[in-house]
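Here the structure is laid out as structure tokens; the discussion comes afterwards.
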Amino acid sequence: MTKTPPSLAHTGLSAIILLIVCASVSVFTACSRGESGEQSQRRYGSPDTVERDRREIRRIVRRLSVADTMHDNPEHEVQFNENRDALIRMGSGVQGILLELLAESEDWGERYGIVHVLSATGTKRMVEPLIQVLNDPEPRVAWIAMHVLRVVCDNQEIPQQGEAGENQLPPVPLAETAAEQRRNWNEWHAVHGSQLREAWTQWWRENQYRVRIE
């Protein structure tokens, strides 16, 4: 079982959200929308998932689109949480269809919600699709995917302030408020999102056989 990642959509407060990640340790395409070809056409669906279940999963995933407005609408937040939890209760057996929908969905709220679900139920199979999401057009989706990867792989590609990363990525500027943090991340991701994905791709290529996700 993997861990629940931090969410930039609600508060933007990394410290608070990382507590959620730590609390879950005991109990983790968009696939860069500008791309085409074989990579963007990859399918992750499980042949063992019956069509009835697939339709139900798709129906629930569509309800995750309220992530776009849940910060300002308490009812939408409840709806998002209920549908996220419904998918989590289905367990890792539905991971295949979720990864397929993660790659297909044009709605960032759906992709955001899927990554939330994978944070709690995903297996090692989710790592490569989540690496692709690091360059998602919506920075909030990339943010949550980055934190899920960091927790389950025990790896951080973005250096801390005052450190020099081996991959040439700069630190994300520090912020004093949630709004400033969101703005800093959005600006950083717009410039370095592709580089972040490539750094993780290289790391995974070299380390995937030693990583265990259960």
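Residues in the sequence shown are numbered from 0 upward in steps of one, following numbering that gives the first Met the number 0.
Backbone N, C-alpha and C fix where the C-beta goes; we use that ideal spot for every residue, glycine too.
Minimum C-alpha distance to residue i - residue among the options
{"i": "R196", "options": "Y208, R182, V210 and P138", "result": "P138"}
{"i": "W203", "options": "D135, I130 and Q194", "result": "I130"}
{"i": "F79", "options": "I113, A144 and W184", "result": "I113"}
{"i": "S223", "options": "V151, E103, I59 and V77", "result": "Lying before the first or after the last residue shown, residue 223 is absent from the chain, which here runs from 0 to 213."}
{"i": "D67", "options": "E105, R57, D84 and I87", "result": "E105"}
{"i": "L133", "options": "I59, N82, L101 and L63", "result": "L101"}
{"i": "Q160", "options": "R211, A174 and R149", "result": "A174"}
{"i": "R58", "options": "L168, G92 and E109", "result": "E109"}
{"i": "E81", "options": "V116, V93, E103 and R51", "result": "V116"}
{"i": "N185", "options": "N206, P136 and A85", "result": "P136"}
{"i": "R88", "options": "T120, T176 and R53", "result": "T120"}
{"i": "R124", "options": "M145, P170 and S91", "result": "S91"}
{"i": "V171", "options": "V190, T200 and L86", "result": "V190"}
Start and end residues, alpha helix (DSSP H) containing residue i
{"i": "D84", "result": "P73 to R88"}
{"i": "M69", "result": "Careful: M69 lies outside any alpha helix (DSSP H) and carries neither H nor E."}
{"i": "A141", "result": "P138 to C152"}
{"i": "G95", "result": "Q94 to E103"}
{"i": "G192", "result": "A177 to N206"}
{"i": "V126", "result": "V126 to V132"}
{"i": "E156", "result": "Run containing E156: none; DSSP gives neither H nor E here."}
{"i": "D52", "result": "E50 to R62"}
As assigned by DSSP and simplified to three states, the class of residue i
{"i": "G161", "result": "coil"}
{"i": "T120", "result": "helix"}
{"i": "S35", "result": "The predicted position of S35 is uncertain, since its pLDDT is 39 and thus under 50; no value can be drawn from it."}
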